[in-house]
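Peer 1: Position 42 (the sequence shown) corresponds to 623 in my numbering; numbering is contiguous.
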Amino acid sequence: MLKRVGLCLLILSTSVSAASDKAVIGSTAEMSVAHADLSYVARIDTGAGNTSLHAFDIKVEGGSAKRMKDNVGKMVSFTTENNAGEQKRLTAKIVKTSTVSNSQGRETRYMVDLDVGFKGKERTVRVNLRDRSHMDYKLLIGRNWLKDRYVVDVSEKKLIGPTASISIVESGLKFKTRIDTGAVENSLHAYDMKIDNEDPDMEKNIGKVIHFTTENEKGESHVVKSRIVETSLIRNAQGSEIRYMVELNVGEPGQEYKVKVNLRDRSKMSYKLLIGRNWLQGHYIVDVSL
């Protein structure tokens with residue numbers, strides 16, 4: 582029994598290690614087809630075995646045989662178009678045919694080798710050609726491009742470094758921000774806090790309006806008015822303290838979303854805004870090397 586458990590743990594550990602060696606990609610990505618020198622917004626599709634490129638006006642050079650399989654080895658020319666409407670005429674060697682089954686039935690497509698990937702990092706992959714004019718994505722990335730290199734995160738989390746320029750809509754300010762995966766909550770520099778009809782008992786102030794001044798690292802300040810949604814007990818090296826929490830729209834400029842933020846005087850700290858896990862979770866992956 583112990584041997585079985587040990588073997589299972591070893592397999593699990595190996596799987597996790599293998600996954601951690603692969604890069605993370607979202608459900609869509611901006612990809613380049615080097616031969617065409619065009620960029621596409623590509624759909625990342627783990628359900629597709631092969632990568633597929635929008636192609637029309639497909640012509641086999643020297644004339645097409647009746648059976649598509651008999652054209653393998655010949656050159657094929659076709660036009661491709663990206664989402665921006667930019668077109669290129671390409672020529673490639675037919676290396677294979679692929680029969681695809683979908684809700685419309687079965688169809689056979691020519692396959693060619695093209696360099697596909699992130700701009701400047703393209704690599705050769707087998708691509709099937711089909712008219713995707715009626716589809717949202719003119720390039721579909723299948724398992725043959727992903728295999729052994731990428732894991733797909735359909736939540737489309739973005740990468741963020743250990744610091745970032747973060748905006749708080751209600752303040753009209755941007756902050757040079759510390760991204761802290763060790764902190765549960767976000768924390769904003771706040772002083773001169775005044776609560777309407779304040780009670781000495783902090784818990785009894787929940788639901789009341791609070792006015793406070795916040796200031797970024799450049800010395801730019803703004804008075805913010807918000808509502809206390811809860812209190813938070815924070816423990817740190819100096820001991821423990823209770824802070825008020827408000828909801829503010831926080832994020833990269835133009836991509837802010839509402840999240841809870843605790844208020845404290847951070848005048849002695851290098852970063853006037855600290856981003857914790859409650860803002861990161863489900864949205865970002867932190868890469869401290871950025």
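Just so you know, even glycine gets a beta-carbon here, dropped at the ideal spot from N, CA and C.
DSSP state of Asp651, grouped into three classes?
Peer 2: Residue state, collapsed to three classes: helix.
Peer 1: Leu855 and Asn797 - do their beta-carbons sit closer together than 8 Å?
Peer 2: The answer is no: Cβ separation not under 8 Å.
Peer 1: Output the distance between the C-alpha atoms of Val733 and Met774, rounded to the nearest integer angstrom.
Peer 2: Their backbone Cα atoms lie some 45 Å apart in a straight line.
Peer 1: Does DSSP put Arg711 in a helix, in a strand, or in coil?
Peer 2: Here Arg711 sits in strand by DSSP.
Peer 1: From Tyr825 to Val810, what distance separates their C-alpha atoms?
Peer 2: Straight-line Cα distance between these residues: approximately 8 Å.
Peer 1: Per the contact definition of three or more C-beta pairs closer than 8 Å, is the segment 711-722 in contact with the segment 615-633?
Peer 2: Output reads yes: the segment 711-722 touches the segment 615-633.
Peer 1: Please classify Arg847: does DSSP put it in a helix, a strand, or coil?
Peer 2: Looking at Arg847 - three-state DSSP - the assignment turns out to be coil, as it is neither helix nor strand.
Peer 1: Cutting at 6 Å between CB atoms, please list the residues of its own chain near Glu628, excluding the five before and the five after it.
Peer 2: In the sequence under discussion, the amino acid at residue 628 is Gly, which differs from the Glu named in the question. Counting only Cβ-Cβ distances below 6 Å, and skipping sequence neighbours, we find nothing.
Peer 1: Which of the three DSSP states, helix, strand or coil, is assigned to Leu591?
Peer 2: Below a pLDDT of 50, predicted positions are generally treated as unreliable, and Leu591, at 47, falls in that range; the measurement from the model is reported next regardless. In the structure shown, Leu591 sits in a helix (DSSP, three-state: H, G or I).
Peer 1: Please look up how many angstroms separate the CB atoms of Ala764 and Arg858, rounded, as I've assumed it's under 8 Å.
Peer 2: Rounded, the Cβ-Cβ distance is 7 Å, consistent with contact.
Peer 1: With C-beta atoms as the reference, is Met692 less than 8 Å away from Lys677?
Peer 2: Contact flag set, yes.
Peer 1: Specify, as a first and last residue, the run of the alpha helix (DSSP H) that Arg858 falls within.
Peer 2: Residues 858-861.
Peer 1: Return the first residue and the last residue of the beta strand (DSSP E) that Asn830 is part of.
Peer 2: It spans 820-832 - the beta strand (DSSP E) in which Asn830 sits, taken as one unbroken run.
Peer 1: For Asn843 versus Glu837, is the C-beta distance shorter than 8 Å?
Peer 2: Not closer than 8 Å, so no.
Peer 1: Under the rule that 16 or more other beta-carbon atoms within 10 Å means buried, what is Val657, buried or exposed?
Peer 2: Burial call: buried.
Peer 1: Taking its Cβ as the centre, do 16 or more other Cβ atoms sit within 10 Å of Glu784, making it buried, or is it exposed?
Peer 2: Classification of Glu784: exposed, given that the 10 Å Cβ count is below 16.
Peer 1: Here's a check: name, in chain order, each residue in its chain whose Cβ is nearer than 7 Å to the Cβ of Asp761, leaving out the five neighbours to either side.
Peer 2: Only Leu855, Ile856, Gly857 meet the Cβ criterion.
Peer 1: Is there contact here, the segment 612-623 with the segment 641-650, by at least three beta-carbon pairs under 8 Å?
Peer 2: The segment 612-623, when compared against the segment 641-650, does not touch it at the 8 Å Cβ threshold.
Peer 1: Would you kindly work out how many angstroms separate the C-alpha atoms of Lys650 and Lys674, rounded to a whole number?
Peer 2: So the two alpha carbons sit approximately 13 Å from each other.
Peer 1: In chain order, what residues of the same chain lie with their CB nearer than 7 Å to the CB of Lys806, ignoring the 5 residues before and after it?
Peer 2: Cβ neighbours of Lys806 beyond the five flanking positions: Val790, His792.
Peer 1: Where do the ends of the alpha helix (DSSP H) carrying Leu727 lie?
Peer 2: Element bounds for Leu727: 724-727.
Peer 1: Drop a sphere of 10 angstroms on the beta-carbon of Asn709, count the other beta-carbons inside from all chains shown, and report buried for 16 or more, exposed for fewer.
Peer 2: By the neighbour-count rule (16 or more Cβ atoms within 10 Å), Asn709 is buried.
Peer 1: Quick one: is Lys839 near chain B, going by C-beta distance under 8 Å?
Peer 2: No chain B appears in the structure shown, which is made up of a single protein chain.
Peer 1: Please tell me whether Arg690 and Ser679 are closer than 8 Å, where the distance is taken between their beta carbons.
Peer 2: Yes. Within cutoff.
Peer 1: Threshold first: 3 residues or longer. Then list the beta strand (DSSP E) segments lying entirely within the segment 672-699, N to C.
Peer 2: Listed in chain order, the complete beta strand (DSSP E) runs (minimum 3 residues) inside the segment 672-699 are 686-698.
Peer 1: Are the Cβ atoms of Arg847 and Lys853 separated by less than 8 Å?
Peer 2: Cβ atoms of Arg847 and Lys853: closer than 8 Å.
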